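A.B. asks: Protein chains in written order, with our numbering: chain A, 3 to 444; chain B, 1119 to 1587.
Positions of the beta carbon are idealized from the N, C-alpha and C atoms, including for glycine.
All of these numbers come straight from a predicted model, not from anything done at the bench.
Let me begin by handing over the structure; questions about it come next.
Laid out in structure tokens, this is it:
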């Protein structure tokens, strides 16, 4: 988009705001910090001041304030005027990066994200060396920094209390073949794994594949898929995000998949909305982005609405509450479907928390760059989840899983954190085992 | 400890983490929810934790001749929270505790930063409610709504904020802390200071603690929506309902422009071509009474040729309310500036006022829709304009002036619930006269002789006596 069009689009979005302040009721950052610069209305005022020349984009305080937002889109749910605040935020951050360049560390990391071989090598090296830096926490299937590294890492949010899922020595896409055929396949879909499933939660990815297999769905896991670009876009690096979007679309062409399936709210939103926004004016990729946008489903919606999944028979004895991932609920509008799946599992008791769609405080790297605020938001979530009496907190997004893993432990709770798809997979597994036993008895 | 700057002295009182002085923070306090009023950034924002800190802040500000602007959530609609002459914004965001819900005495005592809905959440387990419900219940604070005497959708039956305030703690401009009123229904000790400070818009003292009355939550309700081919039929329905001795909790009206805009914006199934719409809700403690009231309403609607929809479930109630809830956002979507007035007339003049507002919109060639609280005469003529079009904005100002004149001619008032603030200050004399203005000034000068507290609002200056200007 030319600069003038971008300016006009930004101004039109800013003009929609009535400054009524309804966003204050739901903004997780404002709930903790209580300062008006924390909430959408305040940041809109700041953006207006930047445009009028009262504030400058190379002022570090301005940069810090505009990055003090999880882009969780909660404000957009409460906004009576329909201000698309995420677009304002991403545009302001893109302008900051265009004006000042990316800080070297971000530049190095984002560069690696768009070079799969480099990223893959770095993640595997990290996984191999993790024992030096992290110690295992057998209670949680998680790791936390060993003391000398905890000291170094403290400013970046890696103190010795932080729990983190261990990076996989064998990422998901190395473990599974590119095509998983199903006998009498009802459909053929492509699984966009996303980085978190690939490098941190490969078992969850395998659960997702098992559920699709149970429902006679043939799955392609394209080897050439890359990061969805959300992490770089929220840091203002639209150019890299655009490259990633094109590469991902290329990876899907020729798969003959009817749909793209995601198990991560951020990846799903990227396919659903972000790629089209990024590639809107692109003569080649614009139309492909729109096509795949309309053919991407979160796995829960695919199961409940497209496929009409087979109701599982295996009992899973657990009291479960569900946390709505912001990108899954507020961007993809998926919130009914995971609950429908959980409620279909025999033995499972579902207890709703009081504010299931309050942000968990992750915001991707926000949890590392804004430790105090993120941690306070996470505390509210951990307390709300614990008040339900649940033994398991289910969610639909691996980034939330990482945050919930850390915050549950940090605030003295003991709930297991699981993707809802793993609970469904477990029910199918128990069903198979039960049938196996019965077969033996016969 | 030798930092004698304003920020340094404020930090010594409340702690450095609770003083904001960087421009990027201050910009976010340069406005409230009011359109078409000046913006101004303060010198500092301070967030005290208790009344003693507020006394110290007042003493510091007085010694330095710097004005103080108390602020809750900044949802004000008359410019009341804008730091017009710079100085200190005193934010109540940290004083947000509900100190007590006393179910036996039907009272609650709160700090000013408590959000109205949070008080209702705390009262709900006791089966109690705090009835004043401005559109901002989820964000606005108790302190702000008491200082502005907020109204809302239930004013007709349940009254407004002033009917619920029983006592207060206030810090005066001289630094004194005073307490008055309390938990007793009857209290004639001293002047009725609660009446003085409710609606004082932060110009007489800084409210630091509030005791309010709670009431039992109504157990039953019936919600109805009626559409009309003429405004007169809708107006006669309002009169007819009152004549039938039914006092609905909610009795809201939307005019033709608002109905068209809402339907185009939200597609809630309103008939096109309707001249007026009434949203009516009756409630109470006994089902038989509520049903009898609903019957009376249905009969009155039919007598006046209204087309009625009755909600049979909570989901249907939500559908009926959708039209009313969408009124402001739908109108606001039409342009970049929303001038939202709250001129109010006696209930019997509602029809004339609606007709007059529409005529004023046509006269000045403006997009103007009116909706509001027909039951208590409080209307919201809403003008949508382009702030970058000087000619149009000038016509907006003329139209607003004519709306005020019309309301006064009908025996009404400039403001039913948004307050005078900056936005309506220059019109004040036309309602209360020179003697009224002098009374206002006498009270202001007696309590705040150097105009330390929220200067430039509500009370027009006789001469420039502002502190620190």
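1) Is the CB of residue 17 (chain A) under 8 angstroms away from at least one CB in chain B?
2) Among residues of its own chain, excluding the 5 on either side of residue 1539 (chain B), which ones have a beta-carbon nearer than 6 angstroms to its beta-carbon?
3) What's the C-alpha gap between residue 1476 (chain B) and residue 1372 (chain B)?
4) Check for me: the alpha helix (DSSP H) holding residue 1487 (chain B) runs from which residue to which?
5) Is it the case that the Cβ atoms of residue 1208 (chain B) and residue 1156 (chain B) are separated by a distance below 8 angstroms?
6) Check for me: the alpha helix (DSSP H) holding residue 179 (chain A) runs from which residue to which?
7) For the stretch 1190 to 1206 of chain B, which residues have a CB atom closer than 7 angstroms to at least one CB atom of chain A, in sequence order?
8) Tell me, please, whether the CB atom of residue 23 (chain A) is closer than 8 angstroms to any CB atom in chain B?
9) Give me the residue from B:1485, B:1518, B:1417 with the minimum Cα distance to residue 1459 (chain B).
10) Using a beta-carbon distance below 8 angstroms, is residue 9 (chain A) in contact with chain B?
11) Quick one: is residue 115 (chain A) near chain B, going by C-beta distance under 8 angstroms?
12) Should residue 1070 (chain B) and residue 1554 (chain B) be called a contact, given that it needs their Cβ atoms to be closer than 8 angstroms?
13) Under 9 angstroms, CB to CB, which of the residues in the stretch 1209 to 1227 of chain B have a partner in chain A?
14) Which residue from B:1259, B:1522, B:1317, B:1376 puts its Cα closest to that of residue 1390 (chain B)?
15) Please go through the same chain and pick out, in chain order, the residues whose beta-carbon is closer than 7 angstroms to the beta-carbon of residue 73 (chain A), but skip the five residues on each side of it.
16) Classify residue 131 (chain A): buried if its beta carbon has 16 or more other beta carbons within 10 angstroms, exposed otherwise.
17) The alpha helix (DSSP H) spanning residue 45 (chain A) covers which residue range?
18) Scan the stretch 1442 to 1466 of chain B for residues whose Cβ lies nearer than 7 angstroms to a Cβ of chain A and list them as they occur along the chain.
19) Would residue 1268 (chain B) pass as a contact of residue 1278 (chain B) if the rule is Cβ separation under 8 angstroms?
20) Give a yes or no on whether the C-beta atoms belonging to residue 1212 (chain B) and residue 36 (chain A) are separated by under 8 angstroms.
21) Closer than 7 angstroms, Cβ to any Cβ of chain B: which residues of the stretch 63 to 80 of chain A, in chain order?
22) Taking Cβ to Cβ, would you say residue 1565 (chain B) is nearer than 8 angstroms to residue 1323 (chain B)?
23) In three-state terms, what does DSSP make of residue 69 (chain A)?
24) Figure out for me which residue from A:22, A:242, A:376, A:175 has the closest Cα to the Cα of residue 30 (chain A).
25) Who are residue 232 (chain A)'s beta bridge partners in DSSP?
26) By the DSSP assignment, the alpha helix (DSSP H) with residue 1563 (chain B) in it spans what residues?
27) Closer than 8 angstroms, Cβ to any Cβ of chain A: which residues of the stretch 1120 to 1149 of chain B, in chain order?
28) For residue 1189 (chain B), which residues in the same chain have their Cβ closer than 6 angstroms to its Cβ, ignoring the five residues on either side in sequence?
29) Any beta carbon from chain B within less than 8 angstroms of residue 385 (chain A)'s own beta carbon?
30) Contact between the stretch 376 to 394 of chain A and the stretch 417 to 437 of chain A is defined here as three or more beta-carbon pairs at a separation below 8 angstroms; is this criterion met?
31) Give the DSSP bridge partners of residue 1327 (chain B), in chain order.
32) Return the residues of the stretch 32 to 47 of chain A that lie within a Cβ-Cβ distance of less than 7 angstroms from chain B, sorted by chain order.
33) Is there a C-beta anywhere in chain C that falls below 8 angstroms from the one on residue 1384 (chain B)?
34) So is residue 1500 (chain B) in contact with chain A if we call contact Cβ pairs under 8 angstroms?
35) Quick one: does the C-beta of residue 20 (chain A) sit closer than 7 angstroms to a heavy atom of the ligand NAP?
36) Using 8 angstroms as the Cβ pair cut-off and three pairs as the minimum, do the stretch 1401 to 1419 of chain B and the stretch 1438 to 1458 of chain B touch?
C.D. replies: If we stick to the structure as given:
1) Output row for residue 17 (chain A): interface = yes.
2) 1196, 1197, 1198, 1575.
3) Their Cα atoms are separated by approximately 12 angstroms.
4) No alpha helix (DSSP H) holds residue 1487 (chain B); the beta strand (DSSP E) holding it covers 1485 to 1491.
5) For residue 1208 (chain B) and residue 1156 (chain B), no; Cβs fall outside 8 angstroms.
6) No alpha helix (DSSP H) holds residue 179 (chain A); DSSP gives it neither H nor E.
7) For the stretch 1190 to 1206 of chain B, the beta-carbon criterion of a distance under 7 angstroms to any beta-carbon of chain A is satisfied by 1191, 1192, 1193.
8) Answer yes: the Cβ-Cβ gap between residue 23 (chain A) and chain B drops below 8 angstroms somewhere.
9) It is B:1518.
10) Any Cβ of chain B closer than 8 angstroms to the Cβ of residue 9 (chain A) would place that residue at the interface, and such an atom is absent.
11) Closer than 8 angstroms: no.
12) This structure gives no information on residue 1070 (chain B), because the portion of chain B shown stretches from 1119 to 1587.
13) Residues passing the 9 angstroms Cβ filter: 1209, 1211, 1212, 1214.
14) Residue B:1376 is the option with its Cα nearest to residue 1390 (chain B).
15) Correct list, in chain order: 88, 91, 236, 365.
16) Residue 131 (chain A) comes out exposed.
17) Annotation: the continuous alpha helix (DSSP H) that includes residue 45 (chain A) extends over 42 to 54.
18) Listed in sequence order: 1446, 1447, 1450, 1451, 1454, 1456.
19) Their beta carbons are under 8 angstroms apart, which means residue 1268 (chain B) touches residue 1278 (chain B) by this criterion.
20) Result yes, Cβ atoms of residue 1212 (chain B) and residue 36 (chain A) sit closer than 8 angstroms.
21) Answer set for the stretch 63 to 80 of chain A: 63, 64, 67.
22) Yes; because the gap between Cβ atoms is below 8 angstroms, this pair is in contact.
23) Of the three classes helix, strand and coil, the one that applies to residue 69 (chain A) here is helix, per DSSP.
24) Among A:22, A:242, A:376, A:175, the Cα nearest to that of residue 30 (chain A) belongs to A:376.
25) Partner residues in a beta bridge of residue 232 (chain A), as assigned by DSSP, do not exist.
26) Run containing residue 1563 (chain B): 1546 to 1565, per the alpha helix (DSSP H) assignment.
27) Taking 8 angstroms as the Cβ-Cβ cut-off against chain A, the residues of the stretch 1120 to 1149 of chain B that qualify are 1138, 1140, 1141, 1142, 1143, 1145, 1146, 1147, 1148, 1149.
28) In the same chain as residue 1189 (chain B), and ignoring 5 residues on each side of it, the C-beta atoms closer than 6 angstroms to its own belong to 1199, 1207, 1209, in chain order.
29) Chain B contact via Cβ: absent.
30) Three or more Cβ pairs closer than 8 angstroms define a contact, and the stretch 376 to 394 of chain A meets that threshold against the stretch 417 to 437 of chain A.
31) Under DSSP, residue 1327 (chain B) takes part in a beta bridge, and its partners are B:1287.
32) Cβ contacts with chain B: 36, 37, 38, 39, 44, 47.
33) Reference to chain C is not applicable here, since the protein chains of this structure are A and B.
34) Taking a beta-carbon distance threshold of 8 angstroms, residue 1500 (chain B) does not count as an interface residue toward chain A.
35) The model on display carries no ligand, and the ligand NAP is accordingly not part of it.
36) Counting Cβ pairs under 8 angstroms, fewer than three are found: no touch.
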